[in-house]
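First comes the structure, then the notes that go with it.
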Amino acid sequence: MDKIRLGIRTHDLKASSFEELKGISSKIGIANFQFSPTKLPFVQTNGNKLGYGFTTYLDQQLSDLGLNIPILGCYVNIIDSDPEVRKSNLSLFENYLTAATFFKKSPIVATETGSVSGKGYTTKNYSDQVFEMVLESVAKLVQVAENLGVIMAIEPGVNHPVYNLKRTEQLLAKIDSPNLKLIFDPVNLLNNHNYTNQRQIINKFYDSFGQKIIAVHLKDFVFKTGNLQMAALGTGMFDQQYFLTETAKRYPYMYCLLESISREQVPAAINLISKWVEIEP
Numbered sequence: 004m005d006k007i008r009l010g011i012r013t014h015d016l017k018a019s020s021f022e023e024l025k026g027i028s029s030k031i032g033i034a035n036f037q038f039s040p041t042k043l044p045f046v047q048t049n050g051n052k053l054g055y056g057f058t059t060y061l062d063q064q065l066s067d068l069g070l071n072i073p074i075l076g077c078y079v080n081i082i083d084s085d086p087e088v089r090k091s092n093l094s095l096f097e098n099y100l101t102a103a104t105f106f107k108k109s110p111i112v113a114t115e116t117g118s119v120s121g122k123g124y125t126t127k128n129y130s131d132q133v134f135e136m137v138l139e140s141v142a143k144l145v146q147v148a149e150n151l152g153v154i155m156a157i158e159p160g161v162n163h164p165v166y167n168l169k170r171t172e173q174l175l176a177k178i179d180s181p182n183l184k185l186i187f188d189p190v191n192l193l194n195n196h197n198y199t200n201q202r203q204i205i206n207k208f209y210d211s212f213g214q215k216i217i218a219v220h221l222k223d224f225v226f227k228t229g230n231l232q233m234a235a236l237g238t239g240m241f242d243q244q245y246f247l248t249e250t251a252k253r254y255p256y257m258y259c260l261l262e263s264i265s266r267e268q269v270p271a272a273i274n275l276i277s278k279w280v281e282i283e284p
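If you count by the numbering used here, then the sequence shown holds residues 4 to 284, one letter each, in order.
Pasting the structure below:
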């Protein structure tokens, strides 16, 4: 079987300390994490405190426990309609890019493109005007990433301005940088109208973006009251067998990160994944 490297978002495990995080990691057999410091109460940072001292402290804590951080999550709204809030969010992301250089293994810093509505989803996100805002913000961040020699990644999603294959292609065409990569979450690109075309969406994304893709997210979806909702891998309608086997075949040892899952659901997900691909530590 082809191999993947399995991971999970740290905040999905609900740990209250580094030691508990290590204990959960050992119990579920996963040591690769998407690490979002502001979502962990025991880290006690708003993100702006990720200076050299604090970041190297975090890195040492994680390293001593045998925990690997391939992705540093900074999911902020980079197109907030309030210019001051947007400026603050971009500054925070830049701080994460700098912090990535302080980790021994220099993780990739990831985000989504956000929304012009403070309440989340709006059809305004699909306009060309809003997409121009995305280009402006991403261009600024990519320049910082290039200057620092680190990688940033954008995660497309149906509720955001980069919501489909075409918009993703436009983003990468406008901002052609080796420091800009993609995180692929196929469920984030599904809606009530296209969910039966999962394999086509997966293949087109992989064919179009190749080595621009540096990690994938693993989750599922169900329908509740007629709406598509996220669920833990293996509990819904997502074609996880096809996605996992295709991912492992095209991208050996790809980081595949579980999300929208509780620690109690992880063992069942791992058993399912192990049927189709080999999990490399």
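Idealized CB from N, CA, C, for every residue including glycine.
As the structure is a prediction and not an experimental result, all values here were calculated from the model.
Residue i classed as buried or exposed, judged by whether at least 16 other C-beta atoms fall within 10 angstroms
i	result
Gly32	exposed
Met136	buried
Glu267	exposed
Tyr83	The question names Tyr, but residue 83 is Asp in the sequence shown. That one is buried.
Gln203	exposed
Gln232	exposed
Gly160	buried
His196	exposed
Glu158	buried
Tyr290	Nothing in the structure corresponds to residue 290, since the chain is present only between 4 and 284.
Gln243	buried
Gly117	buried
Asn49	exposed
Asn128	buried
Ser19	exposed
Nearest-angstrom Cβ-Cβ length linking residue i and residue j, presumed shorter than 8 angstroms
i	j	result
Val280	Leu247	5 angstroms
Thr13	Leu24	7 angstroms
Asp15	Ile273	The Cβ separation is near 14 angstroms, so there is no contact.
Lys184	Ala156	4 angstroms
Asn71	Val79	Wrong, their Cβ atoms sit about 24 angstroms apart, outside the cutoff.
Gly10	Phe45	Between Phe45 and Gly10 the Cβ distance is about 20 angstroms, and since that is not below 8 angstroms, they are no contact.
Arg8	Tyr258	5 angstroms
Val141	Leu168	So it is not a contact: roughly 17 angstroms between Cβ atoms.
Asp5	Ala251	3 angstroms
Val133	Val119	5 angstroms
Beta-bridge pairing of residue i - partner residues as DSSP gives them
i	result
Val219	Phe187 and Cys259
Met356	Residue coverage of the chain in this structure runs from 4 to 284, which leaves residue 356 outside it and unanswerable.
Glu283	Arg8
Ala156	Ala113 and Lys184
Ser265	DSSP output for Ser265 lists no bridge partner at all.
Leu231	Phe226
Gly123	Ser120
Residue of the options minimising C-alpha distance to residue i
i	options	result
Gln47	Leu61, Pro110 and Asn128	Leu61
Pro164	Glu23, Gly123 and Val88	Gly123
Lys108	Ser140, Leu75, Ser84 and Phe96	Leu75
Pro181	Tyr254, Asn150, Leu231 and Val79	Asn150
Phe241	Asn191, Tyr166, Asp85 and Gly10	Asn191
Phe224	Thr238, Gln214, Asn35 and Asn167	Thr238
Asp188	Ile216, His196, Thr104 and Asn195	Ile216
Ile154	Phe96, Asn162 and Asn128	Phe96
Gly229	Glu262, Asn194, Leu261 and Gln214	Asn194
Gly121	Phe106, Gln146, Arg89 and Lys6	Arg89
Pro110	Thr125, Tyr129, Leu65 and Ala142	Leu65
Leu53	Leu100, Pro86 and Leu68	Leu100
Lys207	Glu249, Phe226 and Gln244	Glu249
Lys143	Gln244, Asn98, Ile27 and Thr126	Asn98
Tyr245	Ser19, Phe226 and Asn200	Asn200
Ala113	Ile276, Asp210, Pro255 and Phe38	Phe38
Gly69	Lys6, Ile186, Ala34 and Lys227	Ala34
Val269	Phe21, Glu172, Phe226 and Leu221	Leu221
Ala234	Leu261, Asp210, Gln214 and Phe212	Leu261
- Length-filtered (3 minimum) beta strand (DSSP E) runs lying within the region 14-93: The beta strand (DSSP E) runs lying completely inside the region 14-93 and spanning 3 residues or more are 35-38 and 71-76, given in chain order.
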